[in-house]
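One structure is given below, encoded as structure tokens.
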Amino acid sequence: MIEIWLNPACSKCRTAVSELEASGSEYVVRRYLDDPPTVADLEDVLGRLGLEPWEIARTADARKLGVGLPAKEAAYRAEWVRLMSAHPRLIQRPILTAADGTTVVGRDPDSLARVIAAG
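Going by our numbering, the final residue of the sequence shown carries number 152, and the count climbs one at a time with no gaps.
Below, the structure is given as structure tokens:
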């Protein structure tokens, strides 16, 4: 089973869902704007991705939301995660996690293929 965090208005999210359906993969949808991830959820995903929060942030959306972002430094990591939980539009999408823990930001065909294969 694959979990996909998505925004239905996002073309990359719709592409990811189409790929999941075409592959016959079982998946569950989390509309992360309606059901924002907690700080713990984000820490878990970041750990599986092996990325820092600013690496999956939509900084242009921060400006649109009027959210000031801290420096991209370890000292501000917790603040980044807190802001992303409070303002889920800051999170890059879609994020897909396979049952085996494989997690990707599914914005390209290779990432989607990797999570589908693990699904």
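Even glycine gets a Cβ: it sits at the ideal position worked out from N, Cα and C. If you're wondering where the values come from, they're calculated on a predicted model, not measured in any experiment.
(message) Below 8 Å on the Cβ atoms is my contact criterion, and I expect residue 37 with residue 49 to pass it. Report the Cβ-Cβ distance as a whole number of Å.
(response) Correct: roughly 6 Å between the Cβ atoms.
(request) Can you have a look at residue 90 and say buried or exposed, based on whether 16 or more other CB atoms are within 10 angstroms of its CB? (result) Buried, since its Cβ has 16 or more Cβ neighbours within 10 Å.
(request) Compute the distance between the beta-carbons of residue 75 and residue 114, then report whether it is under 7 Å. (result) Yes, the Cβ-Cβ distance between residue 75 and residue 114 is below 7 Å.
(request) Indicate the three-state DSSP secondary structure (helix, strand or coil) for residue 71 in the structure shown. (result) Three-state result, residue 71: coil.
(message) So, for residue 144: in the same chain, excluding its five sequence neighbours on each side, which residues have a beta-carbon less than 6 Å away from its beta-carbon?
(response) Around residue 144: 137.
(message) Taking contact to mean 3 or more Cβ pairs, one atom from each stretch, closer than 8 Å, check whether the region 85 to 104 and the region 120 to 133 are in contact.
(response) The region 85 to 104, when compared against the region 120 to 133, does touch it at the 8 Å Cβ threshold.
(request) Report yes if the C-beta distance between residue 134 and residue 63 is below 7 Å; otherwise report no. (result) Taking the C-beta atoms as reference points, residue 63 is found no nearer than 7 Å to residue 134.
(message) Let me check understanding here. Comparing Cα to Cα, which of 140, 60, 150 and 87 lies closest to residue 118?
(response) Ranking 140, 60, 150 and 87 by Cα distance to residue 118 puts 87 first.
(message) So the candidates are 43, 72, 35 and 40; which of them puts its Cα closest to the Cα of residue 61?
(response) Checked all of 43, 72, 35 and 40; the closest Cα to residue 61 is 35.
(message) Here's a check: name, in chain order, each residue in its chain whose Cβ is nearer than 6 Å to the Cβ of residue 149, leaving out the five neighbours to either side.
(response) Only 56 and 58 meet the Cβ criterion.
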